[in-house]
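**Student:** Quick one: the structure is below, questions incoming.
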Amino acid sequence: MDDELAISVRGLRKAYGDTVAVAGVDLDVRRGEVFALLGPNGAGKTTTVEILEGFRRRDAGEVSVLGSDPARPAADWRSRVGIVLQGTGEFDELTVGEVVRHFAGFYADADDPDKVVERVGLAGKAKARTHTLSGGQKRRLDVALGIVGRPELLFLDEPTTGFDPEARREFWELIRDLAAAGTTIVLTTHYLDEAEALADRVGVIAGGRLVEVAAPNRLGNRQEALATVSWRTPEGALESVESATPTALVAELAARFGGEVPGLTVTRPTLEDIYLTMIGHA
Amino acid sequence: MTATMKPAAPAAAAPARRRGPVALALRQGRLEITQFLRSRESVVFTMGFPVIMILIFAAIFSDEIAPGVSYTQYFITGMIATGLMTVSFQNLGIWIPIERDRGVLKRYRGTPMPKWVWFAGKVLMVVAIGVAETVLLLAVSVALFDLDLPGTAAKWLTFGWVSVLGVTACTLCGIAISSLARTARSGSAVVTPVALVLQFISGVFFVFTQLPSWMQQVAALFPLKWMCQGLRSVFLPESFGAQEPAGSFELGRVALVLAAWCVVGLVLCLTTFRWTTKRDG
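Line by line, the protein sequences are chains A and B. For the first sequence, this note's numbering gives the first residue as 3, with consecutive numbering after it. For the second sequence, this note's numbering gives the first residue as 229, with consecutive numbering after it.
What follows is the structure, given as structure tokens:
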């Protein structure tokens, strides 16, 4: 096992009956990295992550998470892995403070529960029963329970679904703090901007396969993608050319028109264009 | 003396300390009891049910089942047994599917908590609520209906072991049957009919020996009948033993059947318990 790797996956497969959810995934996540698993609903994100979390059995493949097989983890493995599940497990009758304190008690080296509550922005709600929290506040409580044990590796399954934009920004700050402190983070999301804002690398998963793994700005060879140069001919028709050398083309057009080129635009595909192409082709 | 003691470590550098198993179980039990007591419906219906039933029974059957022995003295045994079954079998059979459906169990599985601690918490909750409810029932019955409490240490001892074995069997069966419910809502649909039928055929609402004999034989397969029978030996005069189906209170068989159900329940729990819902794959 490579010590530099927090997660190593080879040939992971999982089917539910005839439905193949994960069809051969290879994946490495380095220690200290923020890795985003991006994909549409039903792509196999949650199945993959829940196998890594030790909640589901795999049909085939090799999986190592912090040096352990999640299906047969080492004794202290659970205390090194923090998990924020997609669905919230609610403790209606307890207060935020009580729940976080109780979960802190499961860890030998837990963080101060009051500080954790403050860190996720629930200090004002510490004495509130959990059923009185809003959806976004419940999600913060989930995160508090995921980080109270000071995990080396934190899984976040669609953590910001249902957040308003401001709550999402605050949540991103929290994730950046954790990453800066050295926590390895694996998050699933179907928000492109979230992957782009947080992740060092993004894995795009579609149809149970990892279509591509790259830094967000290099996804789909975005850097090298052909630029589209468009302008209007003197007759008013729209002309478009895909070009690897748009600057030269624009210079040539400028010479041809003797100055301003009418209706000139130069565009490259957005991350979203690339993503949609990728999952469309999967 | 203090001179030989090491200075206290600053809080921030406190050594990593894992709680012992007993401490873990106790705090889990405390959490379960807190959750139970804060849920008003649980408290009212689980704790109040046997008391309400004994009030109704005492009002209906106000005369004596035999000279000097009131009907209340007979039915208290069924009410204690049914109360213990409610707090263990029904309570767990209904609540565990809800917790499973909400993802509470899955959340616990994601922590380093040893699995058994969660079960220990449930057992502590059942025992605490069971004791409180039985004491309440006895207190009400003594105050209002002149119930005679057991007069000898031997009878209290029998009361103790019948209750412990009965609650253990019902707790394990409650945990086991919780896995039959596919959703949060179906828990009570699964458990309530089972409990109700057992109450009718096990001599909780009727004098057991007045039931048809085939019904008595069906009831004898399940724990509730034996809990009631064991408790009758505690609350009724010795002479009543002759009226039991076998001509005695058969305490040996009571112990045997209840212990057998503990084993069956435990095996079912270990083999069928699910921390996640079926749709979780």
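Every residue, glycine too, gets a C-beta built ideally from N, C-alpha and C.
May I ask you to list the residues that DSSP assigns as paired with residue 233 of chain A?
**Tutor:** The sequence position of residue 233 of chain A within the first sequence is 231, counting from 1. Beta-bridge pairing links residue 233 of chain A to A:241.
**Student:** Output yes if chain B places a C-beta closer than 8 Å to the C-beta of residue 210 of chain A; else output no.
**Tutor:** Indexing the first sequence from 1 puts residue 210 of chain A at position 208. False, the Cβ-Cβ gap to chain B never drops below 8 Å.
**Student:** In this structure, how does DSSP classify residue 109 of chain A when only helix, strand and coil are distinguished?
**Tutor:** Translated into positions along the first sequence, residue 109 of chain A becomes position 107. It is coil, neither helix nor strand.
**Student:** Where do the N-terminal and C-terminal ends of the beta strand (DSSP E) with residue 10 of chain A fall, by residue?
**Tutor:** In the first sequence, the residue the question calls residue 10 of chain A occupies position 8. Per DSSP, residue 10 of chain A belongs to the beta strand (DSSP E) from 7-18.
**Student:** List the residues of chain A that residue 504 of chain B touches, going by C-beta distances under 8 Å, in chain order.
**Tutor:** Looking up residue 504 of chain B in the second sequence gives position 276. Neighbours of residue 504 of chain B on chain A, chain order: 57.
**Student:** Is it the case that the Cβ atoms of residue 212 of chain A and residue 187 of chain A are separated by a distance below 8 Å?
**Tutor:** Counting from 1 along the first sequence, the entry for residue 212 of chain A is found at position 210. Counting from 1 along the first sequence, the entry for residue 187 of chain A is found at position 185. Contact: no.
**Student:** With a CB to CB cut of under 7 Å and the five nearest residues on each side skipped, what residues in its chain are close to residue 497 of chain B?
**Tutor:** Looking up residue 497 of chain B in the second sequence gives position 269. These residues qualify, in order along the chain: 400, 403, 404.
**Student:** Looking only at its own chain, which residues have a Cβ that is under 7 Å from the Cβ of residue 232 of chain B, when we skip the five neighbours before and after it?
**Tutor:** Start at 1 with the first residue of the second sequence, and residue 232 of chain B comes out as number 4. Residue confidence for residue 232 of chain B is low, a pLDDT of 44 falling below 50, so the modelled location carries little weight and cannot support an answer.
**Student:** Would you check if there are 3 or more beta carbon pairs closer than 8 Å linking the stretch 331-348 of chain B to the stretch 424-434 of chain B?
**Tutor:** Inter-segment contact for the stretch 331-348 of chain B and the stretch 424-434 of chain B is absent: fewer than three beta-carbon pairs are separated by less than 8 Å.
**Student:** Using the three-state DSSP reduction, which class does residue 190 of chain A fall into: helix, strand or coil?
**Tutor:** Within the first sequence, the letter at position 188 stands for residue 190 of chain A. Reduced to three states, the DSSP call for residue 190 of chain A is strand.
**Student:** If you reduce the DSSP assignment to three classes, tell me which class residue 268 of chain A lands in.
**Tutor:** The residue given as residue 268 of chain A occupies position 266 in the first sequence. Three-state DSSP puts residue 268 of chain A in a strand.
**Student:** Below 8 Å on the Cβ atoms is my guess for residue 143 of chain A versus residue 156 of chain A; work out the distance and round it to an integer in Å.
**Tutor:** As a first step, residue 143 of chain A must be located in the first sequence, where it is residue number 141. As a first step, residue 156 of chain A must be located in the first sequence, where it is residue number 154. Not a contact, Cβ separation roughly 15 Å.
**Student:** Check for me: the beta strand (DSSP E) holding residue 66 of chain A runs from which residue to which?
**Tutor:** For the purposes of this step, residue 66 of chain A is identified with residue 64 of the first sequence, where counting begins at 1. Here the beta strand (DSSP E) through residue 66 of chain A covers 62-67.
**Student:** Along the alpha helix (DSSP H) that carries residue 84 of chain A, what are the first and last residues, could you check?
**Tutor:** Counted from its first residue, the first sequence places residue 84 of chain A at position 82. Residue 84 of chain A -> not in any alpha helix (DSSP H); beta strand (DSSP E) instead, spanning 83-86.
**Student:** For chain B, check one thing: does any of its Cβ atoms lie closer than 8 Å to the Cβ of residue 133 of chain A?
**Tutor:** Here residue 133 of chain A is taken as the residue at index 131 of the first sequence, counted from 1. With 8 Å as the cut-off, residue 133 of chain A does not count as an interface residue toward chain B.
**Student:** Applying the criterion that 16 or more other CB atoms from any shown protein chain within 10 Å of the CB defines a buried residue, is residue 92 of chain A buried or exposed?
**Tutor:** Counting from one through the first sequence, the residue named residue 92 of chain A turns up at place 90. Buried.
**Student:** Using DSSP's beta-bridge definition, name the partner residues of residue 298 of chain B.
**Tutor:** Walking along the second sequence from the start, residue 298 of chain B turns up at place 70. B:292.
**Student:** Between which residues of its own chain and residue 7 of chain A is the CB-CB distance below 8 Å, once the five residues before and five after are set aside?
**Tutor:** For the purposes of this step, residue 7 of chain A is taken as residue 5 along the first sequence, with counting starting at 1. Excluding sequence neighbours, residue 7 of chain A sits near 30, 31, 32, 33, 66.
**Student:** Can you check DSSP and say which residues form a bridge with residue 206 of chain A?
**Tutor:** Start at 1 with the first residue of the first sequence, and residue 206 of chain A comes out as number 204. Its beta-bridge partners are A:40, A:214.
**Student:** Can you tell me the Cα-Cα spacing of residue 277 of chain B and residue 319 of chain B, whole angstroms?
**Tutor:** The residue labelled residue 277 of chain B in the question sits at position 49 within the second sequence. The residue labelled residue 319 of chain B in the question sits at position 91 within the second sequence. Those two C-alpha atoms are separated by around 12 Å.
**Student:** Quick one: measure Cβ to Cβ for residue 450 of chain B and residue 460 of chain B, integer angstroms, because I've assumed they're closer than 8 Å.
**Tutor:** Numbered from its first residue, the second sequence carries residue 450 of chain B at position 222. Numbered from its first residue, the second sequence carries residue 460 of chain B at position 232. About 16 Å separates the two Cβ atoms, so there is no contact after all.
**Student:** Which residues does DSSP list as the beta-bridge partners of residue 97 of chain A?
**Tutor:** The count along the first sequence starts at 1 and reaches residue 97 of chain A at position 95. DSSP lists A:131 as partners of residue 97 of chain A.
**Student:** Using a Cβ-Cβ cutoff of 7 Å, what residues of the stretch 340-361 of chain B are near chain A? List them in chain order.
**Tutor:** 340, 341
**Student:** So, at 6 Å on beta carbons, what are the nonlocal neighbours of residue 435 of chain B in its own chain, with the 5 sequence-adjacent residues on each side left out?
**Tutor:** Position 207 of the second sequence, counting from 1, holds the residue named residue 435 of chain B. Excluding sequence neighbours, residue 435 of chain B sits near nothing in its chain.
**Student:** Taking its Cβ as the centre, do 16 or more other Cβ atoms sit within 10 Å of residue 292 of chain B, making it buried, or is it exposed?
**Tutor:** What you label residue 292 of chain B is simply residue 64 of the second sequence in a count that begins at 1. Burial call: exposed.
**Student:** Over the uninterrupted beta strand (DSSP E) stretch that includes residue 32 of chain A, give me the two end residues.
**Tutor:** Mapped onto the first sequence, residue 32 of chain A falls at position 30. Here the beta strand (DSSP E) through residue 32 of chain A covers 21-32.
**Student:** Exposed or buried, what is residue 220 of chain A when buried is set at 16 or more other beta-carbons lying within 10 Å of its beta-carbon?
**Tutor:** Counting from 1 along the first sequence, the entry for residue 220 of chain A is found at position 218. It is exposed - the Cβ of residue 220 of chain A has fewer than 16 other Cβ atoms within 10 Å.
**Student:** Is it true that the stretch 410-420 of chain B meets the stretch 321-341 of chain B, where meeting means three or more beta-carbon pairs spaced less than 8 Å apart?
**Tutor:** yes
**Student:** Counting only C-beta atoms, is residue 154 of chain A closer than 8 Å to chain B at any point?
**Tutor:** Residue 154 of chain A sits at position 152 when you count from the first residue of the first sequence. Chain B, which has no Cβ nearer than 8 Å to the Cβ of residue 154 of chain A, makes this no.
**Student:** Taking CB distances under 8 Å as the criterion, tell me whether residue 89 of chain A reaches chain B.
**Tutor:** As a first step, residue 89 of chain A is located in the first sequence; it is residue number 87 there, counting from the start. Yes, contact with chain B.
**Student:** Where residue 253 of chain B and residue 127 of chain A are concerned, what is the direct C-alpha to C-alpha distance, given to the nearest angstrom?
**Tutor:** By one-based count along the second sequence, residue 253 of chain B stands at place 25. By one-based count along the first sequence, residue 127 of chain A stands at place 125. Cα-Cα distance, rounded: 27 Å.
**Student:** Can you tell me which of A:45, A:181, A:25, A:197 puts its alpha carbon nearest to the alpha carbon of residue 281 of chain A?
**Tutor:** Within the first sequence, numbered from 1, the residue matching residue 281 of chain A stands at position 279. The shortest Cα separation from residue 281 of chain A among A:45, A:181, A:25, A:197 belongs to A:45.
**Student:** DSSP three-state call for residue 499 of chain B: helix, strand or coil?
**Tutor:** Within the second sequence, residue 499 of chain B is the residue found at index 271, counting from 1. Residue 499 of chain B: helix per DSSP, three-state reduction.
**Student:** Which residue spans inside the stretch 405-468 of chain B form an unbroken alpha helix (DSSP H) run of at least 4?
**Tutor:** 414-429, 441-447, 451-463
**Student:** Please report the residue range of the beta strand (DSSP E) in which residue 157 of chain A lies.
**Tutor:** By 1-based counting over the first sequence, the position of residue 157 of chain A is 155. Looking at the DSSP string, the run of the beta strand (DSSP E) that includes residue 157 of chain A is 155-159.
**Student:** Quick check: the Cα distance between residue 439 of chain B and residue 431 of chain B, rounded to an integer number of angstroms?
**Tutor:** For this step, residue 439 of chain B is matched to residue 211 along the second sequence. For this step, residue 431 of chain B is matched to residue 203 along the second sequence. Computed Cα separation, rounded: 8 Å.
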